[in-house]
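Residue numbering for the sequence shown follows our numbering, beginning at 1242 and increasing consecutively.
Even glycine gets a Cβ: it sits at the ideal position worked out from N, Cα and C.
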Amino acid sequence: MTITPLMPVYPRCGVRPVRGEGAYLFGEDGQQYLDFASGIAVNALGHAHPHLTKAIADQAATLMHVSNLYGSPQGEHLAQRLVDNSFADTVFFTNSGAEAVECAIKTARRYHFANGNPERHTLITFDTAFHGRTLGAISATNQAKMRDGFEPLLPGFAYAKFNDLEGALALIDDNTAGFLVEPIQGEGGIRQASPEFLQGLRKACDEHGLLLVLDEVQCGYGRTGKFFAHELYGITPDIMSVAKGIGGGFPLGACLATEEAAKGMVAGTHGSTYGGNPLAMAAGEAILDVILEDGFLDHVAAMGDRLRQGLEQMIPNHDHLFDSVRGTGLMLGLKLKSDSRAFVAFARDHHNLLLVSAGENVIRILPPLVIDESHIAECIDKLSTAARVYVPAADD
Ligand SMILES: *Cc1c(COP(=O)(O)O)cnc(C)c1O
């Protein structure tokens, strides 16, 4: 047998973390890494944050899981806090981002069904989008690398170009349910929706009775310096998926919706065995305690500005390699003039700096939201040292 016990679907690198502390990870071999990947925008409070670990430990010792057969004081409390701090009137808790997207898709379809328009089942989505790896979520992207070999996929999606408002509006027909879009594409390469684009989609939804479904799994939950990224655009969605940062490393996601948009989601229409169990809710509460603390989001915005400044100042010194900075808050991207994967591997293997590669040869820089200026200085130092000695492969 040559297949590994762990199904070999990931090209895993040589870093083998066994412990974390704040913005640092420690490998099996004792190496220390500056973690500006944060488990891909998940470890919002860094590693081993005392408030989060205590909340999880205390809850595990009290009540971990009971199923959704019973009343949930824990779920009601966290849902209420989310409702109080967002556009939403109601929340469904999941265990992952893809499940949050699934719930969002089902909620959108069910809305039109409840209105007597079951033919309005098609969500318009966008190129280089990433919505997760379930069959529904890969059907919602037109990226071949995620779809190949998994057909037949789910009907009910149409694909437009990201940031092309006219192109998206041209796809609206009698079957359209709405739009599913990331305000800032993460995997796609830290591509930000333009204000005209996102505001235009909102306006079209209002005019045509469609639903605006936002996927804020990566850009939401404080990452941009706002609680949710759509706040940067002065619009609100009808339905929204969130995950990643919401549990700070505990598997948790959520689908948020307005009362109107969720009108079809009545008893029996959806469910999850684990979703919203007391342990997950304790993790979610602990994260919210910190993120909604006075001044926390301002800290994220300030650190984001500092990091961006540092990156921008560094670019002219290494302009054979670095092109430009994109993104908002602590969801930043550094566009390279050569293969971003190769440089991410180099910075990791030779300078103990953890970053994430994304589309368009962009390096994603996604530090924990709790970093301070010393971490930023360390990151810039590692990046520029790496850039000074790095030689891109000839065929890049
Ligand atoms: C990561 C991600 C997902 C999928 O989340 P999983 O927890 O891996 O299922 C969905 N949408 C976006 C925008 C993401 O970044």
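Here DSSP, grouped into helix, strand and coil, assigns Leu1310 to coil. Distances from the CB of Glu1553 to the heavy atoms of ligand 1 are all 7 Å or more.
By the C-beta density criterion, Ala1434 is buried, having at least 16 other C-beta atoms within 10 angstroms. Here the alpha carbon of Thr1303 sits roughly 43 Å from the alpha carbon of Gly1600. The residue among Glu1360, Arg1464 and Gly1427 with its C-alpha nearest the C-alpha of Leu1286 is Arg1464. With a threshold of 16 other beta carbon atoms within 10 Å, Ile1487 meets it and is buried.
For ligand 1, no non-hydrogen atom lies closer than 7 Å to the CB of Phe1469.
If you look at Glu1553, you'll find it in the alpha helix (DSSP H) that goes Phe1537 to Met1555. Taking 7 Å as the cut-off, the C-beta of Glu1423 counts as close to a heavy atom of ligand 1. For Val1632, the secondary structure class from DSSP, reduced to helix, strand or coil, is coil.
Of all alpha-carbon atoms in Gly1505, Pro1633 and Gly1490, the one lying nearest the alpha-carbon of Asn1356 is that of Gly1505. Contact annotation: Ala1527 and Gly1338 have beta-carbon atoms that are not nearer than 8 Å. Here Ile1476 has Leu1439, Gln1440, Arg1443 and Leu1453 as same chain residues with Cβ atoms under 8 Å from its own Cβ, once five neighbours each way along the sequence are excluded. Rounded to the nearest angstrom, the gap between the Cα atoms of Thr1335 and Gly1397 is 23 Å. Each of Gly1545, Leu1319, Glu1472 and Val1324 was checked against the Cα of Arg1567, and the nearest Cα belongs to Gly1545. Here the alpha carbon of His1616 sits roughly 41 Å from the alpha carbon of Lys1347. The residue among Gln1321, Arg1350 and Asp1389 with its C-alpha nearest the C-alpha of Ala1418 is Arg1350. Within the region 1318–1399, complete beta strand (DSSP E) segments of at least 3 residues are found at 1331–1335 and 1363–1367, given in chain order. DSSP links Gly1568 through a beta bridge to Leu1573.
The closest heavy atom of ligand 1 lies less than 7 Å from the beta carbon of Gly1494. DSSP, reduced to helix, strand and coil, places Ser1598 within a strand of the structure shown. A distance criterion of 7 Å places the beta-carbon of Val1458 in contact range of ligand 1, judged by its closest non-hydrogen atom. In this structure, Gly1408 sits near Ala1401, with a CB-CB distance shorter than 8 Å.
Per the DSSP secondary-structure output, Thr1417 pairs in a beta bridge with Thr1363. DSSP links His1561 through a beta bridge to no other residue. In the assembly as shown, Pro1609 is a buried residue. Its beta-carbon has 16 or more other beta-carbons within 10 Å. Taking non-hydrogen atoms of ligand 1 into account, the C-beta of Ala1484 is found less than 7 Å away from one of them. In the DSSP secondary-structure assignment, Pro1258 is bridged to Gly1268. Sorting Pro1246, Val1531 and Ala1445 by C-alpha distance to the C-alpha of Asn1284 places Val1531 at the top. When C-beta atoms of the region 1275–1283 are compared with those of the region 1582–1599, three or more pairs fall below 8 Å, so the two segments count as touching.
Under the DSSP assignment, Ile1606 falls in the beta strand (DSSP E) whose first and last residues are Val1603 to Ile1606. Distance from the CA atom of Leu1323 to the CA atom of His1559, rounded to whole angstroms, is 43 Å.
DSSP lists no bridge partner for Tyr1474. Contact check for Phe1333 against Cys1496 passes: the beta carbons are separated by less than 8 Å. Closer than 7 Å to some heavy atom of ligand 1: that describes the Cβ of Ala1339.
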